Amino acid sequence: GNSVTQMEGPVTLSEEAFLTINCTYTATGYPSLFWYVQYPGEGLQLLLKATKADDKGSNKGFEATYRKETTSFHLEKGSVQVSDSAVYFCALYNYGQNFVFGPGTRLSVLP
Amino acid sequence: GAVVSQHPSWVICKSGTSVKIECRSLDFQATTMFWYRQFPKQSLMLMATSNEGSKATYEQGVEKDKFLINHASLTLSTLTVTSAHPEDSSFYICSARRPGVDNSPLHFGNGTRLTVT
């Protein structure tokens with residue numbers, strides 16, 4: 002079946018540091034890939050997505066590239082801010098099936 | 256802006272009472288909505304898929320008589336936690352996908368924090 006694996010958190014960084022959160026997946030066919038962000042006490046918000054191999058999703062300085070050869074969709078940001086502190090979920094969707102979410106990675110950015 | 260609205264954002268109830276949570280799609284009609292439960296510091300657990308005009312589809316291990324789902328219109332699904340107990344305390348989140356759009360993402364409500372005393 003489909004599955005998503007994320008790096009274990011929590012991740013603690015200083016402001017302006019470079020961020021990478023690893024995500025790898027197992028799926029049949031050609032899933033779409035997503036990153037969601039959850040701020041404390043809130044639901045999930047879509048951060049970015051990619052629908053086919055080599056696509057790059059980007060939003061608010063975050064980027065992730067759909068790598069089919071390595072079945073990965075790592076999230077990166079060049080310079081994090083305190084306001085980026087949240088939990089990040091990698092997810093995949095195959096047509097006709099349910100979304101599958103990773104376990105989430107908690108990010109804390111210190112001033 | 257938000258495309259899925261969830262209400263209430265938090266609720267405290269006494270053991271044995273029932274609580275209803277509403278989920279609305281704001282600018283599209285959703286024939287299907289999804290209800291998740293999230294335990295502290297954990298990922299989302301899909302509880303059930305709500306289907307407009309028909310019975311909900313429950314995931315394995317979810318008690319359908321405890322978690323009643325009604326999807327009476329194309330923009331509203333409700334989750335009722337019946338005879339709530341402290342172990343039902345959790346964060347419940349609904350979501351929906353915009354129909355007719357390939358690879359449409361899930362849009363989430365802001366969640367409902369349920370505390371059963």
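As they're listed, the protein sequences go chains A and B.
So my numbering is basically just the index in the first sequence, starting at one, shifted up by 1.
So my numbering is basically just the index in the second sequence, starting at one, shifted up by 255.
In this text, a Cβ means the ideal position worked out from N, Cα and C, and glycines have one as well.
Owing to the predicted nature of the structure, the values given are computational and were not obtained by experimental measurement.
is_contact[residue i, chain B] using C-beta, thresh 8 Å
i        : result
ASN99(A) : yes
PRO41(A) : no
GLY2(A)  : no
GLY44(A) : yes
Chain A contact for residue i (CB, 8 Å cutoff)
i         : result
ILE348(B) : yes
VAL334(B) : Looking at the sequence itself, residue 334(B) is Leu, so the reference to Val does not match. Chain A contact via Cβ: absent.
GLY366(B) : yes
LEU301(B) : yes
SER298(B) : yes
PHE294(B) : no
PHE322(B) : no
Same chain, Cβ closer than 6 Å to residue i, five either side skipped, listed in chain order
i         : result
VAL88(A)  : GLN39, GLY105, ARG107
LYS78(A)  : LEU20, GLY62, PHE63
ALA285(B) : ALA351
GLY97(A)  : none
THR6(A)   : THR25
Beta-carbon neighbours of residue i, restricted to chain A and to distances below 9 Å
i         : result
PRO360(B) : SER33, PHE35, TYR37, LEU47, LYS50, ALA92, TYR94, PHE100
Contact set for residue i: own chain, Cβ-Cβ below 8 Å, skip 5 residues either direction
i         : result
LEU45(A)  : TYR37, VAL38, GLN39, PHE90
THR367(B) : GLN261, HIS262, PRO263, SER264, TRP265, VAL266, ILE276, PHE346, TYR347, ILE348
LEU361(B) : PHE289, SER350, ALA351, ARG352
SER338(B) : GLY271, THR272, SER273, LYS321
Within chain A, partners of residue i - CB distance below 8 Å
i         : result
PHE283(B) : The premise fails here: PHE283(B) is roughly 15 Å from chain A at the closest Cβ pair, so nothing lies under 8 Å.
Within chain B, partners of residue i - CB distance below 9 Å
i        : result
GLY30(A) : Result: empty, since nearest Cβ-Cβ is about 13 Å, beyond 9 Å.
Under 8 Å from the C-beta of residue i: neighbouring residues of chain B
i         : result
PRO104(A) : GLN297, SER298
Checklist line | 3-residue-minimum beta strand (DSSP E) runs that sit fully inside the stretch 9-65 of chain A, ordered along the chain | finding: Listed in chain order, the beta strand (DSSP E) elements of length 3 or more contained wholly in the stretch 9-65 of chain A are 12-15, 20-22, 24-27, 33-39, 45-51, 57-60.
Next item on the list: Kindly provide the ranges of any alpha helix (DSSP H) runs that are 4 or more residues long and lie completely inside the stretch 78-109 of chain A, ordered along the chain.
Entry: Here no run is fully enclosed.
Next item on the list: Let me know the beta strand (DSSP E) ranges lying completely inside the stretch 282-346 of chain B, each 3 residues or longer, listed in chain order.
Entry: Here the runs fully enclosed are 287-293, 299-306, 322-328, 331-336.
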